[in-house]
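*Asks:*
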Amino acid sequence: WMTGAQRRIGLGSREGSQWLMSEVVPRGGEAARISSEYLFLAQQLGLKTDDFMPTLHLDPAAESRALEKLAGHGLAPGNYAVFAAFTTRPQKHWFNDAWQSLAPIVQEKTRLVPVLLGGPADKDAAERIAAGAPNIVNLVGQTRLDEAAAVVRHASALIGVDTGLTHMGIAFSIPTVAIFGSTCPYTDTQRGNAKVIWLGLPCSPCRRKPTCGGAWTCLRDITPERVMQELESVIGQTA
Numbered sequence: 015w016m017t018g019a020q021r022r023i024g025l026g027s028r029e030g031s032q033w034l035m036s037e038v039v040p041r042g043g044e045a046a047r048i049s050s051e052y053l054f055l056a057q058q059l060g061l062k063t064d065d066f067m068p069t070l071h072l073d074p075a076a077e078s079r080a081l082e083k084l085a086g087h088g089l090a091p092g093n094y095a096v097f098a099a100f101t102t103r104p105q106k107h108w109f110n111d112a113w114q115s116l117a118p119i120v121q122e123k124t125r126l127v128p129v130l131l132g133g134p135a136d137k138d139a140a141e142r143i144a145a146g147a148p149n150i151v152n153l154v155g156q157t158r159l160d161e162a163a164a165v166v167r168h169a170s171a172l173i174g175v176d177t178g179l180t181h182m183g184i185a186f187s188i189p190t191v192a193i194f195g196s197t198c199p200y201t202d203t204q205r206g207n208a209k210v211i212w213l214g215l216p217c218s219p220c221r222r223k224p225t226c227g228g229a230w231t232c233l234r235d236i237t238p239e240r241v242m243q244e245l246e247s248v249i250g251q252t253a
């Protein structure tokens with residue numbers, strides 16, 4: 015409503031944002047398909063959605079800054095893999111020791127340098143991960159969001175939890191492995207070079223109400239070896 019638009023159309027939500035809309039469309043679509051709820055919204059507006067893939071566009075200035083930051087660590091487009099390890103809730107995080115174990119495996123198997131991305135609030139956790147994996151390049155807290163997007167765009171692979179950077183990897187058609195636990199996964203990514211790992215335990219998705227007392231079994235039982243196996247299956251695949 016602050017836009018002044020006479021028509022404000024959107025999906026109903028648990029957060030209550032529908033009160034700001036003039037027209038609310040009940041959620042629909044295929045639960046397992048990425049972006050399906052937004053495609054459903056577009057369909058309700060009479061738009062054609064048969065062959066739709068999300069696309070992101072980079073700001074050239076942000077892209078230039080990102081490439082400079084990569085070059086400062088001896089990195090060039092295509093010779094690194096992004097680790098998108100951070101998000102807003104602990105029940106969505108994979109474990110620090112798992113990232114530490116995965117880093118040398120990725121470098122050995124793919125010859126790609128692992129690059130950690132995240133925001134300022136993630137710096138302490140990133141330093142703990144990097145302390146146990148000296149081959150990681152830690153850019154957490156050093157990029158703006160548009161610069162982080164450029165880093166993702168020029169990566170050869172991305173591994174991440176349920177967070178925005180992981181979804182960027184899929185949107186940019188980067189070979190991507192997404193690690194899901196407590197949240198409802200989009201197991202159908204609509205891309206041949208993107209895989210979602212989700213164990214489907216009886217307690218998941220618990221969303222914001224975990225019942226495991228902090229064990230996070232849905233994530234602990236996902237091993238670095240399993241993640242590497244899925245990464246090898248998507249590298250070289252077309253979108």
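Take the position in the sequence shown, starting the count at 1, then add 14; the result is the number in the numbering used here. Ideal Cβ positions, reconstructed from N, Cα and C, are used throughout, including at glycine.
1) Take Leu70 as the anchor and find which of Glu244, Phe186, Ala135 has the nearest alpha-carbon.
2) Classify Ile184 as helix, strand or coil using the three-state DSSP reduction.
3) Leu55 to Met35, Cα distance in whole Å?
4) Among residues of its own chain, excluding the 5 on either side of Pro128, which ones have a beta-carbon nearer than 6 Å to its beta-carbon?
5) Checking the sheet assignment: what are the DSSP bridge partners for Gly155?
6) Do the segment 175 to 183 and the segment 84 to 94 meet, that is, are 3 or more Cβ pairs less than 8 Å apart?
7) If you measure between the beta carbons of Ala147 and Gln114, is that distance less than 7 Å?
8) Candidates Pro189, Val175, Gly155, Ala135: which alpha carbon is nearest Lys167's?
9) Considering only the beta carbon of each residue, do Ala162 and Leu131 sit closer than 7 Å?
10) From Lys123, Asp111, Asp235, Glu239, pick the residue whose C-alpha is nearest to that of Gly195; which is it?
11) With a threshold of 7 Å on Cβ separation, who are the neighbours of Ala112 within its own chain once the five nearest residues in sequence on each side are excluded?
*Replies:* With the given structure in hand:
1) Phe186
2) helix
3) 14 Å
4) Ala95, Phe97, Ala117, Val120, Ile150
5) For Gly155, which the question treats as bridged, DSSP gives no partner whatsoever.
6) no
7) yes
8) It should be noted that the sequence gives Arg, not Lys, for residue 167. Ranking the options by Cα distance to Arg167, first place goes to Pro189.
9) yes
10) Asp235
11) Pro238
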